[in-house]
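The working numbering puts the last residue of the sequence shown at 536; the count rises by one with no breaks. For each residue, glycine too, the CB sits at the ideal point set by N, CA and C.
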Amino acid sequence: EAASANLRGKALAEIEKVKWDPEWGRTRISNMVESRPDWCISRQRVWGVPIAVFLCGNCRKPLVDPGVNRRVAELFASQGADAWYVREAAEILPSGARCSCGAEAGFEKEMDILDVWFESGASQAAVLGREPDLPWPADLYLEGGDQHRGWFQSSLLCAVGVRGAAPYRMAATCGWTLDEQGRAMSKSLGNGVDPVDIAERLGAEIVRLWVASVDFREDVAASENLMRRVAETYRKLRNTFRYLLGNLHGLDPARDAVPWEQMQPLDRFLLHRTRELAESVLRWYEQFAFHRVYHAVNEFAAADLSAFYIDVLKDRLYTFAPRSLARRSAQTALWTIAETLVRLLAPVLSFTADEVWAYLPAIPGRKASVHLDLFPDLAGIAPATDAGLCDEWDELLRIRTEALKSLEEARQGKTIGKALDAKLRLEAPPATAALLERNSTALREIFNVSQVEIAVSGAETLRAITLPADGIKCERCWNYSIRTGKDRRWPTVCERCSAALEEIGFPPVGDTVPARFEVESESAR
């Protein structure tokens, strides 16, 4: 009884040293250890893991001999535990085996089996501490809520009894998988979801992404419909990567990356947002909050990238000269964002991340697989957050929301067709007008219009007015501009596009256009 109380006391002390996720796991297992009855290590069954003990036919005591134990261990290692049942005792025992009573024959095999919880609880002794990559204790045990009475507890008691310490530093508890109506899955109801079947039809990445989308600590719903919704999210993420990769053509990061100080303010702002995302994601991985990673990355890809940055960046990527500083700045940002996202998503979308990695422009010394590399270095994404830059751009984005409302109203009223057909007049209070003036070179890009006019008003709030753009429409970039003169080589394009055409060596009007220059029609674009 004293030994039992001592084991119980040691186990309760070790429970306090372990990190439990969720925290209620600590109280649950403590209460069970405090109230548990005596522990039986055997079961009277005809199948299972055998208790490998020989009983003397003369004195009925167990045969205690290290040589016998080694012989049994070697047999199990080569033929499995079933060898105990298919071989006679004389075949298993080494020659010369003798009981302490002097008997040398008549030994019988014990036919009871190990209790399943003793068996599983002892697994840590067979696995941990025997390989360099599997040290003892384990970093984490993961199982369902019923295992505070089962595997978590049996492993704890076995380890405390033999080694005086818990076999795990942390124990995480997962919930149950239910159907859409919240019912437990069962064969009789026919409401089960086979992950192998889903993987074969929708792809294994969809199953992985679904697992990441739910809080594993709670009971979670799974169904074909839910998997298909996740498949749509996956498609959007994959398209985001495809766009990022597609616009990195010609970029050698080691040679062409633009230093932070020379990057466009918009690009710096998006990299700050990317760093903020990475900081949060790395913290959530530490907390096993995979569902928060899923939602944050999806929101970033949909809102920050697709709905904003990628949309407004098209003019710079598609019409500026390939090696111009402004375009290289955009490519540098896109490459950094892609590098960050693929590293952040590698634990969840393992195959997709490796596929993206293979196409991503590399710097010297980069690992062959993303899974051999590390999570992103925050300092390599952007410097520590520049509060002034982020505050200004947050305000500019709020102004952009008002501007987009005005543009949509003008489009509905047939004042303009596309946004590039517009001149945006912003009448703002002095402080807001000063903010707009400081960022005037970026306004056309973030509003996606041909011209922006800023005026100081006495009103307390900003007013956005959409007017038809002034000047002539450029045949190449579709921006309107008042041209001071025409370039006779390309008379139908603006001055900015003339400079770009000159840099890329595009032939003057009337000359034969080489096949490498693909002219895209407005209708196709």
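DSSP state of Ala-14 mapped onto helix, strand, coil: Note on Ala-14: pLDDT 46, under 50, position unreliable in the model; the coordinate value appears next. Correct three-state label for Ala-14: helix.
Whole-angstrom Cβ separation of Gly-186 and Val-231, contact assumed at under 8 Å? About 6 Å separates the two Cβ atoms, so the contact holds.
With DSSP as the reference, label Ser-532 as helix, strand or coil. Caution applies to Ser-532, whose pLDDT of 47 falls short of 50 and renders its modelled position unreliable; the value that the coordinates give is listed next. Ser-532: coil per DSSP, three-state reduction.
Span of the beta strand (DSSP E), counted from its first residue to its last, around Asp-32: 30-32
Burial state of Ile-374 (16 or more Cβ within 10 Å): exposed
Under the three-state DSSP convention, the category Pro-394 falls into: The answer is coil: DSSP assigns Pro-394 none of H, G, I, E or B.
First and last residue of the uninterrupted alpha helix (DSSP H) at Lys-378: Per DSSP, Lys-378 belongs to no alpha helix (DSSP H) and is neither H nor E.
Outcome for Arg-240 when other beta-carbon atoms lying within 10 angstroms are tallied against a minimum of 16: Its Cβ having fewer than 16 others within 10 Å, Arg-240 is exposed.
Of all the options Pro-77, Asp-278, Ile-62, which has the alpha carbon lying nearest to the alpha carbon of Trp-404? Among Pro-77, Asp-278, Ile-62, the Cα nearest to that of Trp-404 is on Asp-278.
For Ala-332, name the three-state secondary structure that DSSP assigns. coil
Taking 7 Å as the threshold (C-beta atoms), are His-159 and Ile-40 in contact? yes
Output needed for Ser-532: all residues of its chain with C-beta closer than 7 Å, excluding positions within five of it in sequence on either side, in chain order. No answer about Ser-532 holds up, because its pLDDT of 47 lies below 50 and its placement is not dependable.
By Cβ distance below 6 Å, which residues in the same chain neighbour Ala-480 in space, the five residues on each side in sequence not counted? Only Asp-432, Ala-433, Lys-434, Ser-461, Gln-462, Tyr-491 meet the Cβ criterion.
Name the DSSP beta bridge partners of Lys-416, please? As far as DSSP is concerned, Lys-416 takes part in no beta bridge.
Helix or strand or just coil, what does DSSP make of Cys-185? strand
Would you check if the distance between the CB atom of Asp-157 and the CB atom of Cys-51 is smaller than 7 Å? no
Taking just the CA atoms, how far does Trp-35 sit from Gly-214? 36 Å
To the nearest whole angstrom, what separates the beta carbons of Ala-344 and Leu-281, a pair I think is in contact under 8 Å? 6 Å
Can you pull the DSSP bridge partners for Ala-439? Val-467
Give the straight-line distance between the Cα atoms of Arg-494 and Leu-389, rounded to the nearest whole angstrom. Distance between the alpha carbons of Arg-494 and Leu-389 is about 44 Å.
Taking Leu-478 as part of the beta strand (DSSP E), name the residues at either end of that continuous run. That run of the beta strand (DSSP E) goes 474-479.
Distance check for Gly-78 and Leu-23, CA to CA, integer angstroms please. Computed Cα separation, rounded: 37 Å.
If you draw a straight line from the C-alpha of Ile-483 to the C-alpha of Ile-427, how long is it? Rounded to whole angstroms, Ile-483 to Ile-427 spans 14 Å at the Cα level.
Please report the straight-line C-alpha distance between Lys-30 and Arg-180, rounded to a whole angstrom. 6 Å
Rounded distance between the beta-carbons of Pro-387 and Leu-9, thought under 8 Å: With the chain represented from 12 up to 536, any question about residue 9 goes unanswered, as that position is not in the structure.
Buried or exposed: His-382, going by 16 or more other Cβ atoms within 10 Å of its Cβ? exposed
Counting only the same chain and skipping the five closest in sequence on each side, list residues whose C-beta sits under 6 Å from that of Pro-519. Arg-500
Leaving out five residues before and five after Asn-459 in sequence, what residues of the same chain have Cβ atoms less than 6 Å from its Cβ? Closer than 6 Å at the Cβ level, and outside the excluded window around Asn-459, lie Val-323, Ala-430.
Could you check whether Trp-295 and Val-308 sit closer than 7 Å to each other, using their CB atoms as the reference points? no
What do you reckon, are the CB atoms on Ala-341 and Arg-327 nearer than 7 Å? yes
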